[in-house]
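Under our numbering, read the sequence shown as residues 55 to 85, first letter to last. Positions of the beta carbon are idealized from the N, C-alpha and C atoms, including for glycine. Working notes for the structure below.
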Amino acid sequence: MAIITLIERSQIELMQHHTIQYIAATLGRSR
Numbered sequence: 055m056a057i058i059t060l061i062e063r064s065q066i067e068l069m070q071h072h073t074i075q076y077i078a079a080t081l082g083r084s085r
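In structure tokens form, the structure reads like this:
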């Protein structure tokens, strides 16, 4: 259980990081 929770948490953090990078790249291009 704990291992699955850690994996899910790391995946969520990775998704958030990629989303932030994507938004930052998109905003950088529009400028």
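Between the C-alpha atoms of L60 and A79 there is a straight-line separation of about 28 Å. The straight-line gap separating the alpha-carbon atoms of S64 and R85 is approximately 32 Å.
Secondary structure note for R63: its alpha helix (DSSP H) is the uninterrupted segment A56 to S84.
Each residue's CA atom was taken as its position, placing L81 and E62 some 28 Å apart.
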